[in-house]
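Just so you know, the sequence shown maps onto residues 1 to 140 in the UniProt record's numbering. Working notes, structure below.
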Amino acid sequence: MVTVDEIRKTQRAEGPATIMAIGTATPANCVDQSTYADYYFRITNSEHKTELKEKFKRMCEKSMIKKRYMHLTEEILKENPSVCEYMAPSLDARQDMVVVEVPKLGKEAAAKAIKEWGQPKVQSNTSGVLHNQRRRHARS
C-alpha cells in the first residue's frame with residue numbers, strides 16, 4: 001500500500017523553483033456589472049421574470065464585482081441557443097467553445113509573462129536556461 005508521504009513526494013518537484021513572471025489574459029467581451037442583470041435576462045429571453053430580475057439586480061449591486069469578462073457574446077448565444085435555455089443539454093456546445101478558446105487565453109497569458117520576464121523566448125521553457133546552455137556546449 002502506498003503511503004501519504006510517497007504520494008506527496010511524487011507530486012512535488014525536487015530542488016528550488018522560481019516564478020519569473022506572471023501573465024494574465026481575459027476574454028475580450030466585457031459587461032459592466034451595473035448592466036449585467038439586464039444583459040443576462042435579455043440574452044436568456046427571461047425579461048418577463050421581473051421579480052427574479054430585480055432580485056438579481058440587487059445581488060449584482062451588492063457584489064464587489066465591477067466588470068464581467070466572458071467569451072459568450074450575444075452573437076455566440078444566438079448561434080447556440082441551448083446555452084441559454086433552462087435545463088437544455090448544452091455541455092457539448094460549451095465544451096466545443098472551451099477547447100478552442102482556453103488555449104488562446106493561455107497563449108496570451110504566456111506571451112505577457114515572457115515579455116514581463118524580459119528573456120528571449122528560446123529560454124522560456126520548462127527546463128529553463130540551463131538546458132539551453134547544455135545544448136550549446138554539446139554542439140561545440
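Here a beta-carbon is modelled for each residue, glycine too, at the ideal position from N, C-alpha and C.
Practice task
Look at the alpha carbon of Asn132 and the alpha carbon of Ser46, and state the distance between them as a whole number of angstroms.
Solution key: Low local confidence applies: a pLDDT of 44 at Asn132 is under 50, so the model's placement there is unreliable, with the coordinate-based value given in what follows. One alpha carbon belongs to Asn132, the other to Ser46, and they sit about 57 Å apart.
Practice task
Please state if the CB of Ile114 and the CB of Glu74 are separated by a distance shorter than 8 Å.
Solution key: no
Exercise for the section: Count the CB pairs spanning the region 55-62 and the region 8-18 that are closer than 8 Å, and state whether there are at least three. Expected result: Judged by pairs of C-beta atoms under 8 Å, the region 55-62 does not touch the region 8-18, as fewer than three such pairs exist.
Handout entry: Per-residue burial, Ser140 [other beta carbons within 10 Å of its own, 16 or more giving buried]
Key = Here the model assigns Ser140 a pLDDT of 47, short of 50, so the residue's position is not dependable, and the following value carries that caveat. Burial call: exposed.
Exercise for the section: Using a threshold of 8 Å, state whether the C-beta atoms of Met70 and Val100 are closer than that. Expected result: Going by C-beta atoms, Met70 is not nearer than 8 Å to Val100.
Practice task
Evaluate Ala28 with the Cβ neighbour count: other Cβ atoms within 10 Å of its Cβ, from every protein chain shown; 16 or more gives buried, anything less gives exposed.
Solution key: exposed
Problem - Straight-line Cα distance separating Arg94 from Lys78 - result: 13 Å
Practice task
Give a yes or no on whether the C-beta atoms belonging to Val98 and Ser90 are separated by under 8 Å.
Solution key: Result no, Cβ atoms of Val98 and Ser90 do not sit closer than 8 Å.
Exercise for the section: Report the option in Ala21, Leu72 and Met64 whose CA atom is closest to the CA atom of Tyr39. Expected result: Leu72
Problem - Where Met64 falls: helix, strand or coil (DSSP) - result: coil
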